[in-house]
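Notes follow the structure.
Numbering (this note's numbering), first residue to last: 12 to 307.
The following block contains the structure:
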């Protein structure tokens with residue numbers, strides 16, 4: 012049951028198809044960080060850390076159980092981290108350099124570490140409140156990073172500079188805040204790619220029926236792949252044209268404007284071809300006072 016307190020904190024029962032994405036994200040992160048010793052070590056530290064787990068649990072408790080929003084916990088964080096790392100790999104393979112590398116302030120390993128850590132941490136401010144969560148997230152991330160980064164970096168100055176990059180990514184992952192680095196743009200765009208139907212199922216089932224939840228339920232799959240005209244193509248497969256709202260209002264605003272608007276392209280694909288009519292998500296809507304309810 013969503014929001015039930017257990018011995019391990021507040022846990023949420025996520026849809027099985029969305030939980031399978033968490034397993035896939037963990038496998039992808041593990042594979043992508045394998046060549047990078049610092050990133051690999053921090054991944055191991057964060058993935059098993061009690062404070063990190065509590066941050067994810069409490070972020071979901073506030074966002075989902077109290078506000079009836081979509082998932083903002085562990086599953087979402089790991090999907091964002093995996094997507095950001097995939098896109099970073101594609102950019103580097105196509106000659107697009109991360110900011111910390113371009114400025115000769117760090118290595119490829121540092122760039123991967125920044126994107127991974129920021130992806131995992133970007134939404135932890137939701138445990139304070141959804142409002143200004145990108146600001147709360149910065150303050151919550153500082154003590155955690157101060158505790159774990161010294162286990163990865165021998166040079167304190169280099170460590171604190173990397174920490175600064177991570178904090179910028181967390182602060183600017185909302186589309187209203189301009190991304191000033193490639194790494195920040197990657198985290199913001201990756202945040203927008205987590206739009207598959209499982210993410211919105213809990214909020215919808217709890218009665219939060221609006222264009223955001225309906226649109227999220229219209230997205231069957233999101234794939235990140237090598238582009239034909241740009242280095243990164245994000246393919247979004249929809250079963251219902253309502254998914255266009257999710258793409259335009261969530262993902263589109265995180266791509267443009269920004270440092271990567273010329274290197275990342277989103278492609279929306281409606282399927283299946285038959286039947287020609289959209290698959291129905293909502294069969295009947297009833298306005299009950301100030302509440303919009305879906306009825307069978």
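The beta-carbon is built from N, C-alpha and C at its ideal position, and this holds for glycine as well.
Per-residue burial, residue i [other beta carbons within 10 Å of its own, 16 or more giving buried]
i	result
residue 85	buried
residue 270	buried
residue 184	buried
residue 253	buried
residue 192	buried
residue 138	buried
residue 45	exposed
residue 300	Confidence in residue 300 is poor, its pLDDT being 46 and thus under 50, which makes the residue's placement unreliable; the coordinate value appears in the next sentence. That one is exposed.
residue 47	buried
residue 114	exposed
residue 190	buried
residue 8	Any property of residue 8 remains undetermined from this structure, which presents the chain solely from 12 to 307.
residue 257	buried
Residue i to residue j span [Cα, whole Å]
i	j	result
residue 105	residue 76	42 Å
residue 142	residue 196	21 Å
residue 232	residue 246	8 Å
residue 148	residue 280	34 Å
residue 179	residue 127	13 Å
residue 182	residue 207	24 Å
residue 154	residue 251	43 Å
residue 72	residue 144	14 Å
residue 29	residue 37	13 Å
residue 167	residue 112	18 Å
residue 268	residue 40	27 Å
Identity of the residues DSSP links to residue i by a beta bridge
i	result
residue 234	246
Cβ-Cβ distance between residue i and residue j below 8 Å
i	j	result
residue 282	residue 248	yes
residue 31	residue 204	no
residue 34	residue 133	no
residue 241	residue 275	yes
residue 162	residue 176	no
residue 88	residue 131	yes
residue 66	residue 146	no
residue 78	residue 159	no
residue 101	residue 255	no
residue 123	residue 99	yes
residue 173	residue 117	yes
residue 222	residue 265	no
residue 119	residue 96	no
Where the beta strand (DSSP E) through residue i begins and ends
i	result
residue 276	275-281
Start-to-end residues for the alpha helix (DSSP H) that takes in residue i
i	result
residue 123	119-132
residue 167	167-182
residue 256	254-257
residue 141	Looking at the DSSP string, residue 141 is not in any alpha helix (DSSP H), and its letter there is neither H nor E.
residue 85	85-104
residue 111	110-113
residue 382	The structure shown has nothing for residue 382, since the chain only spans 12 to 307.
residue 200	193-204
residue 49	48-58
The ligand MG heavy atom lying under 7 Å from the CB of residue i
i	result
residue 135	As presented, the structure is devoid of all ligands, the ligand MG included, so that no description of it is given.
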